[in-house]
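The listed protein sequences derive, respectively, from chains D and P.
Reminder that position 420 of the first sequence reads as 421 in my numbering, one-by-one numbering, no gaps.
Reminder that position 85 of the second sequence reads as 86 in my numbering, one-by-one numbering, no gaps.
What follows is a single structure, written as structure tokens, with notes after it.
Number of protein chains: 2
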Amino acid sequence: MKCLIIAAGKGSRLQQRGPSKPLIPLLGIPLIERVIRTALDAGVDEIFVVTGYQGEQIRDFLEGLAARLAIRITPLVNDEWEKDNGLSVLTARDYLHDPFLLLMADHLFDPRLGHALTTHALTDGEIALGIDLDTRNPLVDMEDVTRIKVEDGKIRTIGKGLVDFNGFDTGVFLCSPAIFKALAQSKDTVGDATLSGAVRILAAKGCVSAVPTRGFWVDVDDPKAFNKAEAALLDHLRDKSNDGPVSRYLNRPISIRVSRYLAQYDVTPNQISLFSFLCSMIAAGLFALGGYLALLLGGVLAQFASVIDGCDGEVARLKYQSSDFGGWFDAVLDRYADAFLLFGLTWHVLLTEPNGWILFIGVMAIIGSFMLSYTADKYDNLMRERFELRGMAMIRMGRDVRVLLIFIGAVMNLVLPVLVAIVVVMNIETIRRMKVASDA
Amino acid sequence: MKCLIIAAGKGSRLQQRGPSKPLIPLLGIPLIERVIRTALDAGVDEIFVVTGYQGEQIRDFLEGLAARLAIRITPLVNDEWEKDNGLSVLTARDYLHDPFLLLMADHLFDPRLGHALTTHALTDGEIALGIDLDTRNPLVDMEDVTRIKVEDGKIRTIGKGLVDFNGFDTGVFLCSPAIFKALAQSKDTVGDATLSGAVRILAAKGCVSAVPTRGFWVDVDDPKAFNKAEAALLDHLRDKSNDGPVSRYLNRPISIRVSRYLAQYDVTPNQISLFSFLCSMIAAGLFALGGYLALLLGGVLAQFASVIDGCDGEVARLKYQSSDFGGWFDAVLDRYADAFLLFGLTWHVLLTEPNGWILFIGVMAIIGSFMLSYTADKYDNLMRERFELRGMAMIRMGRDVRVLLIFIGAVMNLVLPVLVAIVVVMNIETIRRMKVASDA
């Protein structure tokens, strides 16, 4: 499927953030790149972008992006970009003969809306519009939004000034070439060359299906909307199904703030993984130095590293840099970090009480910690199947809990009890997992 | 697809092994169960078995087997079992109206032949016969085998006494109901009620396709053939693609002999895993005792456990007891065993040289050993893709090598050098794997 993106307007209310609105980076990625990636995710394989204001700059960016993503992007030019937005759509008239996705360069939306539209079946002469039925949606600017009236799955009418309305236009369309005819008709008969004008004509004929949105959508046209869009994207980072309780309620809220900051810079997720790992190694070294001050510092550093350890995945998701290798690299470094933190603590205790039992406990803690990670995948899969059946939440005993225990042990100078707790909990949990798996 | 199995004959040449030939256990599993499981593997979903000699005993067994495997097995009775074997086939005439697999209870064959036949398309009035074109096949008893002459993919003629032949009848057929007509005709016209008689009639009309066998097949009808069949099944255990060099050339040849013995008894693969694990734990304890004698004993016991560690998977494959849990259970126990063996060795050295460096080396060996296992799956998948492209053999640095190193270190009383070697090799290999994965 082809996709047409309108990126011709001036966007004057966001001018202080950058010279060209589609190129303004939101969490490190230009708006238009976010829209293009969402379109690709929805199944689009060829993209046309109508440029106007600051067109050359945008076309340069698109050329680079097309090479980077190995896709076809054809830039079109609308010299009349200061007039109604329908003229931009008409620019693409000769390129689009089948149903196509029509998007605005400054409207971000949940990929599920893109999927819903690309899989929607259009009848002849029809278009479909992604709509938001939540008329109290806090992400919507009530002053500026285009309102719609929906009845029986069809748009009845559309307009900014509508008083009788029950939804909003998200600016995400599935069009047939009928849209071009309707635009020409609206322009010629009522002198209205806006997209809304064309939709109004088609709606009057019952030819505009309404496809309700799932998830967020934001029209990023002023600083307030910009911040809302940022918040919506950051909010998505919270729902990681395999977060343990410490991650969810303590680490994640902090790491998301850090990720928001990091996303603006050229820091890769793997660099973040490595930085967190080095912090853990320094913490382990501090533990092994002996003395309460070093222990305290090490504990704080270890917990800090554990928080930062969430940022690699978050930045990867925010900046489309997720990779299998990245996840694996992070996991391998975490295993080394876990082992060294526990070895550092063991050494710390051995410095004052050099006896075999301490050594045994320390090694058993390292073994237990490894075994828990080693058995995690198999067990998680098993539990997911089971708990989904019973509708229960899944509680994981992971790295987040382990490092918090280490932090508490260091701060309270209770290293040996924490090591013993880790030995007992981690090894018993491993044996319990084997039991559960054998019964399954 | 349905399947007909002939289990009516007396099998007098194997009578010293058990009262009823189809029930004679070969590596712990009765012949007829092996044939039934191979049929199921080829896509069969309903089974008819013609019984005769010792019929009641066989029917009792089949009832239990049907419940155990949750499949439908219908026993039929041929009272004329002492006469030609075609009469047994005719017993099933009223039950089989579509193409069906026809097997002998005492003919074992590679599952691939079953697949080749069930996916073979029969034309009307035709049957297909699994044939062996290797006329020097050492598994074949030249005195007793049924010979065939194949031309252009069709059987021309068949018979034990053929002088001009180029293959053997494997006793594995895909039949249409045409076989019943041919049997009746052969019986009525030439007085020959054998299956070969019917095949001869169909072959004369060009109605018997030849499907060449892949892998082994054995007609288990005397003690010599019985031993050949056992050897063929054991031989299959050798081709495990992820065996390391020590497994392949040292451990596997021994463990297969042990497995042959163990398969006869009611020992489960998980019990074998557990036994091997306990041996490793005792070996670790012996290491920690100190002194050369305990070290030597521990080393021998550790290597013994490593050999036995191969038997769980072998017995599981020989006795159709493979399970995801079994493989995982074995892997988890192996990780504990690895860690304790290395910890035992570390303790052994600390007894005579109690210093921090030894401790550090010991813990690093445990960490390195864990990391190698932790990174193995990801890395193996990666390498398999690559090396399959280049056609190279894959060399693994796994548990087999690690335990052999421990054994050598213990026997030669060179514990510290072995620990250092493990630290260096295992951790460098882990880092190398991360590098390779990141470049991929």
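Heads up, the beta-carbon is just placed ideally off N, CA and C, and yes, glycines get one too.
Values in this document were obtained by computation on a predicted structure and should not be read as measured data.
Which residues of chain P have a Cβ atom closer than 9 Å to the Cβ of residue i, listed in chain order?
{"i": "residue 368(D)", "result": "336, 337, 340, 341, 344, 367, 371"}
{"i": "residue 458(D)", "result": "The structure shown does not extend to residue 458(D), since chain D spans only 2 to 441, so no value can be given for it."}
Any beta-carbon of chain D closer than 7 Å to the one on residue i?
{"i": "residue 329(P)", "result": "yes"}
{"i": "residue 89(P)", "result": "no"}
{"i": "residue 392(P)", "result": "Here the model assigns residue 392(P) a pLDDT of 41, short of 50, so the residue's position is not dependable, and the following value carries that caveat. Chain D contact via Cβ: absent."}
{"i": "residue 84(P)", "result": "no"}
{"i": "residue 379(P)", "result": "yes"}
{"i": "residue 231(P)", "result": "no"}
{"i": "residue 395(P)", "result": "Low per-residue confidence applies at residue 395(P): pLDDT is 43, beneath 50, and the placement is therefore not dependable, though the value from the model is reported in the following sentence. No, residue 395(P) does not count as interfacial toward chain D."}
From the beta carbon of residue i, is the nearest beta carbon of chain P less than 7 Å away?
{"i": "residue 288(D)", "result": "no"}
{"i": "residue 316(D)", "result": "no"}
{"i": "residue 364(D)", "result": "yes"}
{"i": "residue 4(D)", "result": "no"}
Since residue i and residue j should fall inside the 8 Å C-beta cutoff, what is the C-beta to C-beta distance between them, to a whole number of angstroms?
{"i": "residue 111(P)", "j": "residue 215(P)", "result": "6 Å"}
{"i": "residue 282(D)", "j": "residue 371(D)", "result": "Not quite, the Cβ-Cβ distance comes to about 17 Å (not below 8 Å), so this is no contact."}
{"i": "residue 207(P)", "j": "residue 155(P)", "result": "5 Å"}
{"i": "residue 37(D)", "j": "residue 6(D)", "result": "7 Å"}
{"i": "residue 82(P)", "j": "residue 19(P)", "result": "Not a contact, Cβ separation roughly 17 Å."}
{"i": "residue 280(D)", "j": "residue 317(D)", "result": "Contact flag wrong, Cβ pair sits at about 19 Å."}
{"i": "residue 188(D)", "j": "residue 194(D)", "result": "4 Å"}
{"i": "residue 72(D)", "j": "residue 48(D)", "result": "7 Å"}
What residues from chain D crowd round residue i, counting only those whose CB sits closer than 9 Å?
{"i": "residue 375(P)", "result": "332, 333, 336, 371, 374, 375"}
{"i": "residue 303(P)", "result": "Near residue 303(P) there are no residues of chain D at all, since even the closest Cβ is about 17 Å away, more than 9 Å."}
{"i": "residue 275(P)", "result": "Simply none; closest approach about 11 Å."}
Following the continuous beta strand (DSSP E) through residue i, name the residue where it begins and the one where it ends.
{"i": "residue 208(D)", "result": "Unbroken run through residue 208(D): none, as it is neither H nor E."}
{"i": "residue 108(D)", "result": "108-110"}
{"i": "residue 257(D)", "result": "Element bounds for residue 257(D): not the beta strand (DSSP E) but the alpha helix (DSSP H), 253-263."}
{"i": "residue 148(D)", "result": "148-152"}
{"i": "residue 76(D)", "result": "73-78"}
{"i": "residue 1(P)", "result": "Since the displayed chain P opens at 2 and closes at 441, residue 1(P) lies outside it and no answer follows."}
{"i": "residue 155(D)", "result": "155-160"}
{"i": "residue 172(P)", "result": "168-176"}
{"i": "residue 220(D)", "result": "218-220"}
{"i": "residue 131(D)", "result": "128-133"}
In chain P, what lies closer than 8 Å to residue i by C-beta?
{"i": "residue 285(D)", "result": "Those within 8 Å of residue 285(D) in chain P number zero; the least Cβ separation is about 11 Å."}
{"i": "residue 206(D)", "result": "By Cβ distance, chain P contributes nothing, its closest Cβ being about 55 Å from residue 206(D), past 8 Å."}
Which bits of chain D does residue i rub up against, with CB to CB less than 7 Å?
{"i": "residue 78(P)", "result": "Going along chain D, no residue has its Cβ under 7 Å from residue 78(P), so there is no contact; the nearest lies around 41 Å."}
{"i": "residue 1(P)", "result": "Residue 1(P) lies beyond the stretch modelled for chain P, which goes from 2 to 441, so this question has no answer here."}
What first and last residue would you give for the alpha helix (DSSP H) that runs through residue i?
{"i": "residue 38(P)", "result": "32-42"}
{"i": "residue 329(P)", "result": "325-353"}
{"i": "residue 101(D)", "result": "Unbroken run through residue 101(D) is the beta strand (DSSP E), 101-105; no alpha helix (DSSP H)."}
{"i": "residue 434(D)", "result": "416-440"}
{"i": "residue 411(D)", "result": "400-412"}
{"i": "residue 70(D)", "result": "56-70"}
Comparing the CB of residue i with every heavy atom of the ligand ATP, is any distance shorter than 6 Å?
{"i": "residue 23(D)", "result": "Annotation note on the ligand ATP: not contained in the displayed structure, which lists no ligands."}
Along the segment 412-439 of chain P, where does the CB come closer than 8 Å to a CB of chain D? Name the residues. In summary, the residues of the segment 412-439 of chain P whose CB is separated from some CB of chain D by less than 8 Å are 431, 435, 438, 439, in the order they occur in the chain.
Anything in the segment 136-166 of chain D with a Cβ closer than 8 Å to a Cβ of chain P? List those residues in chain order, please. none
Of all the residues that make up the segment 349-364 of chain D, which are near chain P by a beta-carbon distance shorter than 9 Å? Within the segment 349-364 of chain D, the residues whose Cβ lies closer than 9 Å to some Cβ of chain P are 351, 355, 357, 360, 361, 363, 364, listed in chain order.
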